[in-house]
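Numbering (full-length UniProt numbering), first residue to last: 1 to 157. Scroll down for the structure; my scribbles are underneath it.
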């Protein structure tokens, strides 16, 4: 397995993003409507990673800089986005490896807290985050008023 930084609009990133959007639609009836600009993931203000297995893209994730704003973020936040592992590659630790790499990158960029939003219909995501030291946090982002939304955070020290 190889984890490499790519642009958010790289063809493999677009392919995996389309797949995660289909999964969101299956689980919630719609995809994630959060507006994302590829430039938000350009270092040092963010990072987007893809894990490859034998040259095939199998997992992805990114972070983007957030500071205090009207969506509930705090100064120093890094927001985790688009964590996804294709079904045939799940259970191999790919999400955990990408999460660790993203946390290290955000820490190196001076971010002090990683925050994320997920939903109640993604119990495997919640299990990953809580087992990685994330704790429930006040809701942030576009879905902060949705009943199914759950937010988690972890201090990056």
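Note that the Cβ used here is the ideal one computed from N, Cα and C, for glycine as well. Values in this document were obtained by computation on a predicted structure and should not be read as measured data.
Review point. Considering residue 138, what are the terminal residues of the alpha helix (DSSP H) in which it resides?
Key: No alpha helix (DSSP H) holds residue 138; DSSP gives it neither H nor E.
Review point. In chain order, which alpha helix (DSSP H) runs of at least 4 residues are fully inside the segment 91-135?
Key: Runs found: 94-108 and 123-131.
Practice item. Have a look at residue 60 and residue 129 and give me their C-alpha separation to the nearest angstrom. Key: Between the alpha carbons of residue 60 and residue 129 lies a distance of about 15 Å.
Practice item. Helix, strand or coil for residue 89, going by three-state DSSP, please let me know. Key: In this structure, DSSP gives residue 89 a helical state, which the three-state scheme calls helix.
**Study point:** Length-filtered (3 minimum) beta strand (DSSP E) runs lying within the segment 15-64
**Key:** For the segment 15-64, the continuous beta strand (DSSP E) assignments of 3+ residues that do not extend past its boundaries occur at 46-53, in sequence order.
Check your understanding: Does the count of Cβ pairs from the segment 33-47 and the segment 67-77 closer than 8 Å reach three?
Key -> Too few Cβ pairs lie closer than 8 Å, so no.
Practice item. Check each candidate in 85, 148 and 118 and name the one with the smallest Cα separation from residue 51. Key: Nearest neighbour of residue 51 by Cα position, chosen from 85, 148 and 118, turns out to be 85.
Review point. Residue range of the beta strand (DSSP E) that residue 154 falls in?
Key: Secondary structure note for residue 154: its beta strand (DSSP E) is the uninterrupted segment 149-155.
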